[in-house]
Amino acid sequence: AAEARHRKAALAALVRLAPAKFDEEFITALADTQPGVSKEAGAMLLPRVHRLESGTLLYLLGPEQPAHVRRNDLKLVLSLDKWVTLPTLISRSGGDSPFTAVINNSLEAWLKDTTCRYTRPTAAQLAAAEQALHDGRRIMDSALHGELVSFFKTMRVP
């Protein structure tokens, strides 16, 4: 516990020095085995999340990561461009873990958010989301799957 407390204090000191210089250290700390260190790193990354490499953040949502890392990382991922993160969220939405419910709730909230209806994806973004939806159709909640299929149809350019 003392070691985790020291790591949290070190992260706080880095933020006061020059936070942009230490993004890699914060991402490493986000994946820390201690929940408090991971949470502190996520809080420090949140104001700069749009400058980070989305691939790294999306990787940390994987099932091989501890639950606290995925939970802290999801807060960051949900702050990114929705069309960039959508394929990963869809691919992680199947199964029966408690984390799956959190992702499904995030997807449902995204569908209900009227602003997403006015943000058009690029053709590549839509294709990636549709491919993830197709690949996950067997493990995904069928009602959510149907809603996403219907929504994606409205995004197609005639």
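In the working numbering, the protein residues as written are 10 to 167. Ideal placement from N, C-alpha and C gives every residue a C-beta, glycine not left out. For clarity, every value in this text was computed on a predicted model and none was experimentally measured.
- Here Glu139 is buried, its C-beta having at least 16 other C-beta atoms within 10 Å.
- Exclusion of the five residues before and after Thr97 leaves Leu67, Leu70, Val86 and Ala141 as the residues of its chain whose Cβ lies within less than 8 angstroms of its Cβ.
- Asp82 and Leu89 have their C-alpha atoms roughly 11 angstroms apart.
- When the Cα atoms are used, Gln43 and Ser115 turn out to be separated by approximately 25 angstroms.
- A residue is called buried when at least 16 other Cβ atoms come within 10 angstroms of its Cβ; Arg101 meets this threshold and is buried.
- Straight across, the Cα-Cα distance linking Thr131 with Lys91 is about 12 angstroms.
- By the C-beta density criterion, Ala152 is exposed, having fewer than 16 other C-beta atoms within 10 angstroms.
- For Lys48, the uninterrupted alpha helix (DSSP H) segment begins and ends at Pro44 to Leu54.
- Exclusion of the five residues before and after Leu39 leaves Ser47, Ala50, Gly51, Leu54, Leu69, Val78, Asn81 and Asp82 as the residues of its chain whose Cβ lies within less than 7 angstroms of its Cβ.
- The three-state secondary structure of Asp105, taken from DSSP, is coil.
- Contact between Leu61 and Asp41 is absent: CB atoms are separated by about 17 angstroms, not below the 8 angstroms threshold.
- Contact annotation: Phe160 and Leu95 have beta-carbon atoms that are not nearer than 8 angstroms.
- In the three-state reduction of the DSSP assignment, Leu98 falls in the helix class, which pools H, G and I.
- Your pair Ala76 and Phe35 does not check out as a contact, with CB atoms roughly 20 angstroms apart and the cut at 8 angstroms.
- Pairing Glu117 with His59, the inter-Cα distance amounts to about 23 angstroms.
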